[in-house]
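Using full-length UniProt numbering, you'd call the opening residue of the sequence shown number 1 and step up by one each time. Glycine is no exception: its CB is placed at the ideal position from the N, C-alpha and C atoms. Source: prediction; values computed, not measured.
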Amino acid sequence: MGPLAPGLRRLLLPGPGLGTAPRCSGSSRSGEAPRRTLYEVLGVPPTATPAQIKAAYYQQSFRFHPDRNAGSAAAAERFAAVSEAYRVLGSAALRRKYDLGALSREDLRGAPRPSGRAPAAPPP
């Protein structure tokens, strides 16, 4: 798996596993940005249908795509976070694990990217 966007790393790496779908947006450490759920990244409620998640992904990815925001590090980071959020929420199995707080790095290794391409094989 490639590197995670910094904002997504905070969402998915709360502890030993990738764990939980945070229920609150408060932060446990002072000075740290509030945690956002993957649903918040895409701007959909946890009850969103797969079609709503896909539509939100297309809307957000179009808005923050690096080709439309050349030179904007913030847009590039947001685009990466949106892509990773859709990678999880766009898969019924990964979404179920995320909602249960059981998502792991291993689960993400084999997950297809939003482009539909399989992840690149690790270097030998």
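For D99, the uninterrupted alpha helix (DSSP H) run begins and ends at A92 to L100, by DSSP.
Distance between R105 and Q52, taken at the CA atoms: about 26 Å.
The stretch 63 to 75 and the stretch 87 to 107 do not touch, with fewer than three beta-carbon pairs separated by less than 8 Å. Separation of the CB atoms of F64 and A75 is rounded to 5 Å, and the pair is thereby assigned contact status at 8 Å. By the beta-carbon neighbour count (other beta carbons within 10 angstroms, threshold 16), T47 is exposed. A111 sits away from L42, with the two beta carbons spaced by 7 Å or more. The shortest CA-to-CA distance from Q59 to any of L103, A102, S83 and R109 is the one to S83. Between V44 and P50, the alpha-carbon positions lie close to 11 Å from each other.
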